[in-house]
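Chemist:
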Amino acid sequence: DIQMTQSPSSLSASVGDRVTITCRASQSISSYVNWYQHTPGKAPKLLIYAASSLQSGVPSRFSGSGSGTDFTLTISSLQPEDFATYYCQQSNSLPLTFGGGTKVEI
Amino acid sequence: EVQLVESGGGLVQPGGSLRLSCAASGFTFSSYSMNWVRQAPGKGLEWVSYITSSSGAIHYADSVKGRFTISRDNAKNSLYLQLNSLRAEDTAVYYCARRAATNGYYFFDYWGQGTLVTVSS
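Chain order of the listed sequences is A and B.
Just so we're on the same page, the numbering used here is the position in the first sequence counted from 1, plus 517.
Just so we're on the same page, the numbering used here is the position in the second sequence counted from 1, plus 836.
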């Protein structure tokens with residue numbers, strides 16, 4: 518199974534900050550990484566697919582980069598509605614696996 | 837508008853069974869592969885199972901293989917997950933998620949709000 522290791526597991530930030538979350542795969546997975554935002558009580562939301570493609574309707578302050586084993590999700594200017602938990606997920610092979618999550622707190 | 841609405845969760849004793857449903861609307865259900873993903877209390881997301889649009893291919897996580905069964909009824913726009921031999925570690929919110937694809941890349945583009953399964957005596 519491919520392990521996805523996210524860091525940090527949590528971070529504190531302020532509105533307007535630039536936030537970077539990293540995800541490392543246990544083996545090379547090309548660009549088969551997706552990023553999701555999850556707020557308690559809500560449905561998870563797709564932000565980025567194929568490592569760097571912005572999902573339709575997602576604000577441009579979100580961006581993704583990386584290939585191979587190292588991937589990054591960046592929020593260029595944190596907004597109040599961005600306080601949530603973020604997950605990376607590999608779609609290279611079954612079983613599909615998620616990172617452990619990064620909780621972004623005020 | 838795409839909507840996925842899960843139901844069927846509840847409290848069940850260890851060893852018991854439950855059937856979850858996911859009602860889909862706002863898209864051509866029969867054209868999409870579907871998945872179940874769960875989140876245990878205080879834990880991250882865990883993929884559970886996958887079924888192709890015509891039920892031609894089905895896959896499970898090792899943690900549920902032999903105990904859970906995924907199925908779908910395209911005429912009813914519904915996805916199901918039969919949970920048998922439930923254990924305490926199956927306690928989680930269960931989400932259904934639609935799988936989309938672009939240029940060979942696959943991702944979950946829509947999710948439901950989840951249904952809570954609690955396994956406890």
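The C-beta atom is built at its ideal place from N, Cα and C for all residues, glycine as well.
Computed from a predicted structure; not experimentally measured.
1) Taking Cβ-Cβ distances shorter than 9 Å, what residues in chain B pair up with Ala560/A?
2) Is it true that the segment 550 to 560 of chain A meets the segment 857 to 865 of chain B, where meeting means three or more beta-carbon pairs spaced less than 8 Å apart?
3) Is Tyr946/B near Val838/B, with beta carbons less than 8 Å apart?
4) How long is the line joining the alpha carbons of Gln875/B and Asn609/A, rounded to whole angstroms?
5) The beta strand (DSSP E) spanning Gln849/B covers which residue range?
6) Name the two residues that bound the continuous beta strand (DSSP E) containing Tyr549/A.
7) For chain B, check one thing: does any of its Cβ atoms lie closer than 8 Å to the Cβ of Thr589/A?
8) How many whole angstroms separate the CB atoms of Phe944/B and Leu563/A, which I take to be in contact at a CB cut-off of 8 Å?
9) Give me the residue from Ser531/A, Asp518/A, Ser524/A with the minimum Cα distance to Glu622/A.
10) Within the 8 Å Cβ cut-off, does Leu881/B reach chain A?
11) Report the residues of the segment 602 to 615 of chain A with a CB closer than 9 Å to any CB of chain B, ordered along the chain.
12) Would you list, in chain order, the members of the segment 893 to 908 of chain B that have their beta-carbon closer than 8 Å to a beta-carbon of chain A?
13) Report back the beta-carbon spacing between Ser843/B and Thr927/B to the nearest angstrom; my notes put them in contact at under 8 Å.
14) Using a Cβ-Cβ distance cut-off of 8 Å, determine whether Gln544/A contacts chain B.
15) With a threshold of 8 Å between beta-carbons, can Leu564/A be considered close to chain B, or not?
16) So who's on the other strand from Asn871/B, going by DSSP bridges?
17) By Cβ distance, which residues of its chain are closer than 6 Å to Leu922/B, with the 5 residues on each side in sequence left out?
18) Compare the C-beta of Gln520/A against all C-beta atoms of chain B and say whether one is closer than 8 Å.
19) Exposed or buried, what is Asn939/B when buried is set at 16 or more other beta-carbons lying within 10 Å of its beta-carbon?
20) Under 9 Å Cβ-Cβ, which residues of chain A neighbour Thr938/B?
21) Using alpha carbons as the reference points, say which of Thr602/A, Ser569/A, Cys540/A lies closest to Tyr941/B.
Modeler: So, to answer that:
1) What you label residue 560/A is simply residue 43 of the first sequence in a count that begins at 1. The contacting residues are Leu840, Tyr931, Ala933, Tyr946, Trp947, Gly948, Gln949, Gly950.
2) no
3) By one-based count along the second sequence, residue 946/B stands at place 110. By one-based count along the second sequence, residue 838/B stands at place 2. Taking 8 Å as the Cβ cut-off, Tyr946/B and Val838/B qualify as a contacting pair.
4) Here the question's residue 875/B lines up with position 39 in the second sequence. Here the question's residue 609/A lines up with position 92 in the first sequence. Roughly 21 Å between the two C-alpha positions.
5) Locating residue 849/B in the second sequence gives position 13, where the first residue counts as 1. That residue, Gln849/B, is in no beta strand (DSSP E); it is neither H nor E in DSSP.
6) Mapped onto the first sequence, residue 549/A falls at position 32. That residue, Tyr549/A, is in no beta strand (DSSP E); it is neither H nor E in DSSP.
7) On the first sequence, position 72 is the one that residue 589/A refers to. It does not; no Cβ of chain B falls within 8 Å.
8) Sequence index remark: in the second sequence, residue 944/B carries index 108 (1-based). Sequence index remark: in the first sequence, residue 563/A carries index 46 (1-based). Sure, about 6 Å apart at Cβ, within 8 Å.
9) Residue numbering aside, residue 622/A sits at position 105 when the first sequence is read from its first letter. Cα-wise, what sits closest to Glu622/A is Ser531/A.
10) The residue given as residue 881/B occupies position 45 in the second sequence. Chain A contact via Cβ: present.
11) Thr602, Tyr604, Gln606, Ser608, Leu611, Pro612, Leu613, Thr614, Phe615
12) His895, Ala897, Asp898
13) If you number the second sequence from 1, residue 843/B lands on position 7. If you number the second sequence from 1, residue 927/B lands on position 91. Their Cβ separation, rounded to whole angstroms, is 17 Å, which puts Ser843/B and Thr927/B out of contact at 8 Å.
14) As a first step, residue 544/A is located in the first sequence; it is residue number 27 there, counting from the start. Judged by the 8 Å Cβ criterion, Gln544/A is not in contact with chain B.
15) Along the first sequence, read from residue 1 onward, the residue named residue 564/A stands at position 47. Not one chain B Cβ lies under 8 Å of Leu564/A.
16) Residue 871/B sits at position 35 when you count from the first residue of the second sequence. Its beta-bridge partners are Tyr886/B, Ala933/B.
17) For the purposes of this step, residue 922/B is taken as the residue at position 86 of the second sequence. Cβ within range, chain order: Val848, Gly852, Val955.
18) Counted from its first residue, the first sequence places residue 520/A at position 3. No, no contact with chain B.
19) To locate residue 939/B, count along the second sequence from 1; it is residue 103. The residue is exposed, with fewer than 16 neighbouring Cβ atoms inside 10 Å.
20) Numbered from 1 along the second sequence, position 102 holds the residue referred to as residue 938/B. Going along chain A in sequence order, the residues near Thr938/B (Cβ under 9 Å) are Tyr566, Ala567, Ser570.
21) If you number the second sequence from 1, residue 941/B lands on position 105. Nearest option by C-alpha distance: Ser569/A.
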